[in-house]
Amino acid sequence: MVKNNGEPINLPFGELFAECSVMMNAGTETTTASLTNSLSQTPYISYTPILMCSSSSGKNWILNTVPAYDSVGQLPFLRACVEESLRVRPASSMGLPRVVPEGGRMIAGKFVTEGVTVSVPTYTLLRDVETFEDAETYRPQRWIDGDKNKMLKVHLPFSIGPQVCIGRNIAYFEQLMLISTLVRNFDFELAWPDQEVRTLERFNSNPDELFFCCRLRDL
C-alpha cells in the first residue's frame with residue numbers, strides 16, 4: 263500500500279490482511295445485488311449493446327475476445343447499465359448516517375444542531391424526478407445522452423466522502439468483468455417474462471431469487 267504521493271505505508275501483515283478482507287467482503291454484497299438486478303433487465307443485457315466498444319476515433323466494434331479489464335473500460339453501454347441498475351435498485355436503500363459536527367451545520371436551508379444524526383435515503387434520492395426524468399424507468403441510455411455531471415451529484419449508491427464504501431472499486435470491477443463475460447458466453451432471458459424482482463430489505467437491499475434461461479452462445 264502506498265500514499266497518493268507514492269510513499270509506502272508499511273503496515274504490518276495483520277493489518278494488510280484485515281484491510282483486504284474488509285474490502286473484499288464490502289464488495290460482495292453490492293456485487294451480488296447489482297449483478298442480479300442488471301441481468302434481470304433483458305433485453306438491455308444482451309450481446310450486441312453490452313459488448314459494443316467505442317473509441318475516441320468514433321469507430322465502434324464488437325468485443326469478440328475474452329474480456330479483459332482494459333477492454334471492458336471501452337464498453338460505454340455496459341457501464342451505463344451498471345450505473346442504471348445501481349440507481350433503480352441501489353444495493354443499500356438507506357444512506358449511511360452522519361453526526362452533525364461541533365457547532366452545528368446548515369443543511370438544506372435549515373440549521374441542525376451538533377450531535378444530531380442525519381441521513382439521506384439513497385432509494386429516494388435516486389428517484390428524484392428533477393434529476394432523473396422517468397425516474398421509475400430503467401433506461402441506461404440516460405448515462406450516455408443525459409447530463410451525467412448533474413446525475414452524478416445525487417448518484418450515491420456507495421455513499422460519499424471519507425466514509426464511502428471501501429468496496430466500491432472492487433464492486434465496479436467485478437460487475438463489469440462478470441456481466442461482459444456472461445453475455446459473451448450466454449444468451450439470457452427471464453424464465454417468466456413478467457417475473458418481478460423482489461427485494462429483501464436489510465441494511466443491504468438484497469434481491470430475492472430470480473430464474474433465468476441461459477443458452478450457451480456459439481462462439
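Under this note's numbering, the residues of the sequence shown are numbered 263 to 481, in order. The C-beta atom is built at its ideal place from N, Cα and C for all residues, glycine as well.
Which residue comes first and which comes last in the alpha helix (DSSP H) that contains Met439?
Secondary structure note for Met439: its alpha helix (DSSP H) is the uninterrupted segment Arg430 to Asn447.
Indicate the three-state DSSP secondary structure (helix, strand or coil) for Leu452 in the structure shown.
Looking at Leu452 - three-state DSSP - the assignment turns out to be strand.
Where do the ends of the beta strand (DSSP E) carrying Asn468 lie?
Ser467 to Pro469
With DSSP as the reference, identify every bridge partner of Thr379, one or two as the case may be.
Val361
With three or more C-beta pairs closer than 8 Å as the rule, is the segment 426-436 touching the segment 291-298?
yes
With H, G and I counted as helix, E and B as strand and the rest as coil, what does DSSP make of Pro402?
coil
Can you find the residues in the same chain that come closer than 6 Å, C-beta to C-beta, to Ser319, ignoring five residues on each side of it along the sequence?
No answer about Ser319 holds up, because its pLDDT of 49 lies below 50 and its placement is not dependable.
How long is the line joining the alpha carbons of Ala280 and Glu395, rounded to whole angstroms?
42 Å
Quick one: is Arg349 buried, meaning 16 or more other Cβ sit within 10 Å of its Cβ, or exposed?
buried
Nearest to Tyr385 by CA position, among Met439, Ala353 and Val361, is which residue?
Ala353
On the criterion of 16 or more Cβ atoms from any shown chain inside 10 Å, does Glu471 qualify as buried, or is it exposed?
exposed
DSSP beta-bridge partners for Glu463?
Ser467
Which class does Cys427 belong to by DSSP, given the choice of helix, strand or coil?
coil
Give the DSSP bridge partners of Ile369, in chain order.
Bridge partners of Ile369: Lys372.
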